Structures are given as structure tokens and as C-alpha cells.
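Student: Converting from the sequence shown to my numbering requires adding 482 to each position, the first position being numbered 1. My structure is below; once you've seen it, I'll send some questions.
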Amino acid sequence: MTNIAPSLIGAAILTAFLGFLPVNPALADEMTIPVGSQGERSQTDLPRTGMSEESVRNAWGTPREIRGPVGKPPISQWHYDGFVVYFEGDRVLHAVLNPNR
């Protein structure tokens, strides 16, 4: 039978030591968008999750740029003026507004 007390004591000491280390809150960049520049998604007509590529093209026309598909499952992006539509295969995953510039 092994004695686990030394490893438990070591873990307790390590945990206590790590608790005294300073925390640096500036590990990530902060991005702010002025309130006047934020779009109201609820008031914007965007493609809905599950729509087909064909229905998006019929409703919003040809995108100005298409990126992808990349990865497995295949993900592609359709860029329109004002928003981007993300597809998995031929179905909408999500549509996001571009920030106003």
C-alpha cells in the first residue's frame, strides 16, 4: 500500500502558493464599439439559421465575396454589404452584422 500523504501535502502547498501569485487582468485586448455604431440585430433582416444557400442567394442576391469552404465540416463565408453569413455545407449557421465604420 502506498502512502499518498506526501503527494497531498505537496498539492496543498502548491495550491496555497499559486493563490498568492498576482493576477494580470490585462491578458486580453478590449474592443469597444461606440453605441451609435452598433447595429440592432432585431431590426435588421438577416438570413436565419438553417436557410439554404439557394434561399439566401434568392433573398439577398449574389454576395460580393465568398470565402471557403474550409475544414471538416466545410465552413464558408458569404460577405454582403453590412453582414456576413456563415454556412456549414449548404445551410446557414449564423449571420452577423459588420460594425459600422
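No residue lacks a Cβ here, since even glycine has one placed at the ideal position from N, Cα and C. This structure is a prediction, so every number in the text was calculated from the model and none was measured.
Exposed or buried, what is residue 577 when buried is set at 16 or more other beta-carbons lying within 10 Å of its beta-carbon?
Tutor: Counting the other Cβ atoms within 10 Å of the Cβ of residue 577 gives 16 or more, which makes it buried.
Student: Restricting to runs no shorter than 4 residues, where is the alpha helix (DSSP H) found entirely within the region 527-572?
Tutor: Listed in chain order, they are 535-542.
Student: Give me the residue from 532, 531 and 566 with the minimum Cα distance to residue 543.
Tutor: For residue 543, the nearest C-alpha among the options comes from 566.
Student: Going by CA-CA distance only, name the one from 560, 511, 536 and 570 that's closest to residue 580.
Tutor: That would be 560, whose Cα lies nearest to the Cα of residue 580.
Student: Assuming the contact rule is C-beta atoms closer than 8 Å, residue 555 and residue 535 should be a hit. Round their C-beta distance to whole Å, please.
Tutor: The pair is not a contact, with the Cβ atoms about 14 Å apart (cut-off 8 Å).
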